[in-house]
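Asker: Please find one structure pasted underneath; my questions will follow.
2 protein chains.
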Amino acid sequence: MNLHTQQMSSGFFKVRSQEFKTLVNNNSLAEKVLKGDVRSTAKLIRKIDDGDREVFSDLAQLYGHAGRAYIIGFTGSPGVGKSTLVDRIITRFRDDGKTVGVLAIDPTSPFSGGAILGDRIRMQRHFLDEGVFIRSLATRGKFGGLTRSTADAIVTLDAMGKDIIIVETVGVGQDEVDIVNSAHTTILVTVPGMGDDIQAIKAGLMEIGDLFVVNKADREGSSKTVREILFMLQMNDERKRLEGWDPPVVECVATQKIGVDKVYSAILDHKRYLGDRGKGRLEKIERSRVLTQFMDLFKEGLLERALTKIGGQEALDKVVQDIMSRRNDPYRASSEFLDAVINGGSGSR
Amino acid sequence: MNLHTQQMSSGFFKVRSQEFKTLVNNNSLAEKVLKGDVRSTAKLIRKIDDGDREVFSDLAQLYGHAGRAYIIGFTGSPGVGKSTLVDRIITRFRDDGKTVGVLAIDPTSPFSGGAILGDRIRMQRHFLDEGVFIRSLATRGKFGGLTRSTADAIVTLDAMGKDIIIVETVGVGQDEVDIVNSAHTTILVTVPGMGDDIQAIKAGLMEIGDLFVVNKADREGSSKTVREILFMLQMNDERKRLEGWDPPVVECVATQKIGVDKVYSAILDHKRYLGDRGKGRLEKIERSRVLTQFMDLFKEGLLERALTKIGGQEALDKVVQDIMSRRNDPYRASSEFLDAVINGGSGSR
C-alpha cells in the first residue's frame, strides 16, 4: 500500500510529460490496433500492464470501435486446470471460425506481479495461430490496478476485432471477482473434493457463476461435488440476480478432452440466453462493466489530482509524521486534507 | 463494483445525519472503550464492520491512546490450520499474562461477507476468558472496505488496552496482504505439499513473511516444503526489505500442540529484533500502517465528496448511459468529471 502510494505520487509527475508525448507522436498506435496489427496490440497491452498513462488517448480512440466481442470469464482456485480447459475451449471456438483473445490475469505477487508460467505454457501451442492472441496481465499495486488494466486490455482486444475474449483469473480477491463478474459468461471451475474451507471461500464466487465446471471429474467424489454446488446454488439468494438462468453444473476431464463439448455448448446456451430471455441480464452486465471501468478511472484520477493539490509526497510524509507522533490522527488529518481539496463536503469530515 | 458504488452514493447521504448524531450523543462510546468495557468495544467494532461512519469521532478520540499493542498477522490458505495455531498462541500469551485481541478477517463472500464459522469455533473456548477479545470482520464491497475496517478495529483493541492484537486472514487478495503487511510480525502458515500452483500464489506472500510455519508437519513431505520455502526466500529479492532478519521456517502440528512453543519463541525473537537491531524496520512498519490508514480514509472521503459534487447516482447513471451508447467513452468521461470536481489537474486528463 505504501509502495502503491509512492508509485501514485511519483506516477502523476511522470504522467504529464507522457501525456504530452501522447498528443505529439502516439496517435498511430490505436489505428494500427484497429487494423488488427498484432505487434501494436501487444505493445499497447504491455503499456497498459505497465500502468503507462500514455495509453488513455489510444484507448479513448479504440473504445468507439469496441463492444462487439463476447467476453467469457474463467475463474477457480490454482490447480483446478483452468488453463487446460481454456485451451480446449479456444480450440472449439477456432473450429467454429471465431477469433479468440485470451487475458490471463496473474495476481501471483502483489509486489513483483510475477506470472504463473506453467499455466501459460499449457496454452502455448495457440501462439502459432494468428486467430488467437494470448497475453498475461500481472498489474498489481500499480497505478490503477488489475481491474482497470484488464478492462483496458479487453477494450483493446475487442477493438482489434477478436470475436471472443476469454479472461482467466484465480478468482481469489475482490479484483478478480470484479473482473470475471464483468464478463458475459462467468465460468467457475473446481475439482472434486476441494474441502469445506475452499467451498466456503467459493461461496462468494457461487453468486457470480453462470456455469459451473467440475474438472478432473475422473477423480473420486466428483458427483458429490456436483451435488454440493447444486445445493449451494439453491441456498444462494444472490442467484436471483441472474434472472431466468439456471446455472448448469458440468463435469469434465479437460486433459482427456472428456466433457469439453458439454462445457462449450453450455457457454453457447448462455450466450443465446443473453441474446433472448436474458436481455435484461445482458444490460446489467454491460452497465456493470461500464460503471466499473468509469469508476476505476475516476477514482484514480481523483487521487492523482488530490495528491497534487495537497502537495504530493512531501505533504503525505509530513501528515504521516504528525500521525506517528500522535500530534494528529488519521481521521482528523484525512478530513483536513479533504477540506483542502474539495469544498462542500460534510463539515465534520 | 456497481453494488459498491451504489452503497457509496447511498452511503454518503446517510453519513450526514449520522455524523450529526455523533456530535450530539455518541461521545461516550470511545470513553467506555478506553475504560476497557467489552460491550462498548464490541458495539464499536460492529459499527466499524457495518461501515458506519458514525464511528470516526470515536476513533479519532481513541487514536491518541493507541500505539501500545503488538500486532501479529497470521495468513495462509484455507485449511492450513491457522485458527488452531492462533488458538494455541493465544494460550501461550495468556500464560505469560498478556491480554489478547483477535481479529478474524473473513473475505468469504465479496457480496454477502459471510463468516467461516468452523474457524471461529476453534477459538471459542477463549470467549470465556476476559483477557481475550475475539471478533470477525467481514466488511466487503462496503464503504471503506476490509483494510480500513481492520485498521479501525486495531485502533479500537489497542486503545482498549490489549497487549497483543492478532489479525488472521486467508491472505488471498491485495487487501489481506496489506492487512498482514501492517502487522509487526507477519506469519505465513502453510502445510506440506500444497503443490506448485499454491507455491506460486504464495510467492507474493513470501515477500512479507517474518516467520514461516509449516503446520500439519506430521504429514508426508513436510521437510520438502520447508526446503522449498527456504529456497524461495533465498531467491526473493524483496527479502532485502527486512533488514537483518532471517525469517525462520518452523514445523509444527498445532492440533497436537507439537512445535507451538517454537512458533511462540520465534514470534518473541522477532519482537525483540524489532525493539533492537530492527528499529529501522519497525519504523517502516509503523509508517506503512499509518500511511495505509490515512490513504484509505482520504480516498474514501475523496470519492464521497466527488460523487456529491458531480451529482451523485443520477450523474453516474447518465454518464454510464452515454458510454453504453458510445456517445462518450470512459476515458474522456472520467476526465470531464475530474475537471468538474478538482481543477488544476493535467488538462489532457
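Top to bottom, those sequences are chains V and G.
As numbered in this note's numbering, residues 144 to 492 make up the first sequence, in order.
As numbered in this note's numbering, residues 144 to 492 make up the second sequence, in order.
The beta carbon of each residue, even a glycine, is placed where N, CA and C say it ideally should be.
None of these values were measured; they are calculated from a predicted model.
1) On the criterion of 16 or more Cβ atoms from any shown chain inside 10 Å, does PHE374/V qualify as buried, or is it exposed?
2) Could you check whether the Cβ of MET378/V sits closer than 7 Å to any heavy atom belonging to the ligand ADP?
3) Report the option in VAL229/G, GLY364/G, GLU197/G and ASP321/G whose CA atom is closest to the CA atom of GLU311/G.
4) If we count the other Cβ atoms within 10 Å of its Cβ and call it buried at 16 or more, is VAL181/G buried or exposed?
5) Can you check whether the C-beta of LYS367/V is within less than 8 Å of a C-beta belonging to chain G?
6) Grab the span of the alpha helix (DSSP H) containing GLU129/G for me, first residue to last.
7) Quick check: what's the CA-CA separation for SER408/G versus GLY364/V?
8) Just by C-beta distance, which residues in the segment 213-243 of chain G are closer than 7 Å to chain V?
9) Using a cut-off of 7 Å between C-beta atoms, extract the partners of MET303/G located in chain V.
10) Cα-Cα, which of GLY304/V, TYR474/V and LEU417/V is closest to TYR206/V?
11) Could you please tell me which residues of the segment 169-203 of chain V, in chain order, have their CB closer than 7 Å to any CB of chain G?
12) Starting from ILE485/V, trace the beta strand (DSSP E) both ways and give me its first and last residue.
13) Could you check what DSSP says for GLY402/G in three-state terms: helix, strand or coil?
14) The alpha helix (DSSP H) spanning THR218/V covers which residue range?
15) Does ALA449/V come within less than 8 Å of chain G when only Cβ atoms are used?
16) CB ILE233/G to CB VAL223/G, shorter than 8 Å?
17) I want to know whether the segment 433-446 of chain G touches the segment 410-423 of chain V - three or more CB-CB distances under 8 Å.
18) Do you know whose CA, among VAL369/G, GLY210/G, LYS186/G and ARG231/G, lies nearest GLU426/G's CA?
19) Can you tell me whether ASP239/G is buried or exposed, with buried defined as 16 or more other CB within 10 angstroms of its CB?
20) Could you pull the DSSP bridge partners for ALA247/G from this structure?
21) When burial is assigned at 16 or more other CB atoms within 10 Å of the CB, is MET349/V buried or exposed?
22) Looking at chain G, is there any beta carbon in it that lies within less than 8 Å of the beta carbon of ALA483/V?
23) Along chain V, which residues have their Cβ under 9 Å away from the Cβ of GLY207/G?
24) Please confirm whether GLU479/V has its beta-carbon closer than 8 Å to some beta-carbon of chain G.
25) By alpha-carbon positions, which one of ILE214/V, ALA302/V, VAL176/V and ASP195/V ends up nearest to ILE322/V?
26) Within the continuous alpha helix (DSSP H) that includes LEU331/G, where are the two ends?
27) Classify SER366/V as buried or exposed, calling it buried when 16 or more other Cβ atoms lie within 10 Å of its own Cβ.
28) Pull up the DSSP beta-bridge partners for VAL396/V, would you.
29) Closest Cβ-Cβ distance between VAL356/G and chain V: below 8 Å?
30) Which residues in the same chain as PRO391/V place their Cβ atom closer than 8 Å to its Cβ, once the five residues preceding and following it in sequence are excluded?
31) Assign VAL176/G to one of three DSSP states: helix, strand, or coil.
32) Mapping DSSP to helix, strand and coil, what is VAL356/G?
33) Nearest CA to the CA of VAL433/V: which residue from THR328/G, LEU434/G and ASN471/G?
34) Flag this pair as yes or no: are the beta carbons of GLY219/V and THR333/V separated by less than 8 Å?
35) Give a yes or no on whether 8 Å exceeds the smallest Cβ distance from ALA476/G to chain V.
36) Within 10 Å of its beta-carbon, does LEU271/V have 16 or more other beta-carbons around it, so buried, or fewer, so exposed?
Answerer: By the coordinates alone:
1) Within the first sequence, numbered from 1, the residue matching residue 374/V stands at position 231. Exposed, because fewer than 16 other Cβ atoms sit within 10 Å of the Cβ of PHE374/V.
2) No copy of the ligand ADP appears in this structure; indeed no ligand is present at all.
3) Numbered from its first residue, the second sequence carries residue 311/G at position 168. Nearest of VAL229/G, GLY364/G, GLU197/G and ASP321/G to GLU311/G, Cα basis: VAL229/G.
4) Sequence index remark: in the second sequence, residue 181/G carries index 38 (1-based). Only exposed fits VAL181/G, as fewer than 16 other CB atoms lie within 10 angstroms of its CB.
5) Here residue 367/V is taken as the residue at index 224 of the first sequence, counted from 1. Answer no: the Cβ-Cβ gap between LYS367/V and chain G never drops below 8 Å.
6) The shown model of chain G, from 144 to 492, leaves out residue 129/G, and the question about it has no answer.
7) For this step, residue 408/G is matched to residue 265 along the second sequence. For this step, residue 364/V is matched to residue 221 along the first sequence. Taking the straight line from one Cα to the other gives about 41 Å.
8) PRO221 and GLY222
9) Walking along the second sequence from the start, residue 303/G turns up at place 160. Per Cβ cutoff of 7 Å: no residues; MET303/G is ~16 Å from chain V at best.
10) For the purposes of this step, residue 206/V is taken as residue 63 along the first sequence, with counting starting at 1. The residue with the shortest Cα to Cα distance from TYR206/V is GLY304/V.
11) Within the segment 169-203 of chain V, the qualifying residues are PHE199, LEU202 and ALA203.
12) For the purposes of this step, residue 485/V is identified with residue 342 of the first sequence, where counting begins at 1. For ILE485/V, there is no enclosing beta strand (DSSP E), since its DSSP letter is neither H nor E.
13) Residue numbering aside, residue 402/G sits at position 259 when the second sequence is read from its first letter. Note: GLY402/G maps to coil in three-state DSSP.
14) Taking the first residue of the first sequence as 1, we reach residue 218/V at position 75. Per DSSP, THR218/V belongs to no alpha helix (DSSP H); it is in the beta strand (DSSP E), 213-218.
15) Indexing the first sequence from 1 puts residue 449/V at position 306. So, interface residue.
16) Numbered from its first residue, the second sequence carries residue 233/G at position 90. Numbered from its first residue, the second sequence carries residue 223/G at position 80. In this structure, VAL223/G does not lie closer than 8 Å to ILE233/G by Cβ.
17) no
18) Sequence index remark: in the second sequence, residue 426/G carries index 283 (1-based). Among VAL369/G, GLY210/G, LYS186/G and ARG231/G, the Cα nearest to that of GLU426/G belongs to GLY210/G.
19) If you number the second sequence from 1, residue 239/G lands on position 96. Exposed: under 16 other Cβ atoms inside 10 Å.
20) Locating residue 247/G in the second sequence gives position 104, counting from the first residue. Its beta-bridge partners are SER279/G and GLU311/G.
21) Taking the first sequence and counting its residues from 1, one reaches residue 349/V at position 206. Buried, because 16 or more other Cβ atoms sit within 10 Å of the Cβ of MET349/V.
22) Along the first sequence, read from residue 1 onward, the residue named residue 483/V stands at position 340. For ALA483/V, the answer is no, since every Cβ of chain G falls outside 8 Å of its Cβ.
23) Here the question's residue 207/G lines up with position 64 in the second sequence. Contact of GLY207/G with chain V by beta-carbon distance below 9 Å involves ARG469 and ASP472.
24) In the first sequence, counting from the first residue as 1, residue 479/V sits at position 336. Chain G contact via Cβ: absent.
25) Within the first sequence, residue 322/V is the residue found at index 179, counting from 1. For the residues ILE214/V, ALA302/V, VAL176/V and ASP195/V, the minimum Cα distance to ILE322/V belongs to ILE214/V.
26) For the purposes of this step, residue 331/G is taken as residue 188 along the second sequence, with counting starting at 1. Careful: LEU331/G lies outside any alpha helix (DSSP H), inside the beta strand (DSSP E) at 328-333.
27) Taking the first residue of the first sequence as position 1, residue 366/V is located at position 223. That one is exposed.
28) Within the first sequence, numbered from 1, the residue matching residue 396/V stands at position 253. Bridge partners of VAL396/V: ILE401/V.
29) Residue mapping note: residue 356/G aligns to position 213 of the second sequence, counting from 1. No, VAL356/G does not count as interfacial toward chain V.
30) Residue 391/V sits at position 248 when you count from the first residue of the first sequence. Around PRO391/V: LEU354, PHE355, ALA409 and ASP412.
31) Mapped onto the second sequence, residue 176/G falls at position 33. Helix.
32) As a working mapping, residue 356/G is identified with position 213 in the second sequence. Strand, per DSSP.
33) For the purposes of this step, residue 433/V is taken as the residue at position 290 of the first sequence. Minimum Cα distance to VAL433/V is reached at ASN471/G.
34) Taking the first residue of the first sequence as position 1, residue 219/V is located at position 76. Taking the first residue of the first sequence as position 1, residue 333/V is located at position 190. A distance below 8 Å separates the beta carbons of GLY219/V and THR333/V.
35) Working through the second sequence from its first residue, we reach residue 476/G at position 333. Cβ-Cβ to chain V under 8 Å: yes for ALA476/G.
36) Position 128 of the first sequence, counted from the start, is the residue given in the question as residue 271/V. Looking at its Cβ environment, which holds fewer than 16 other Cβ atoms inside 10 Å, LEU271/V is exposed.
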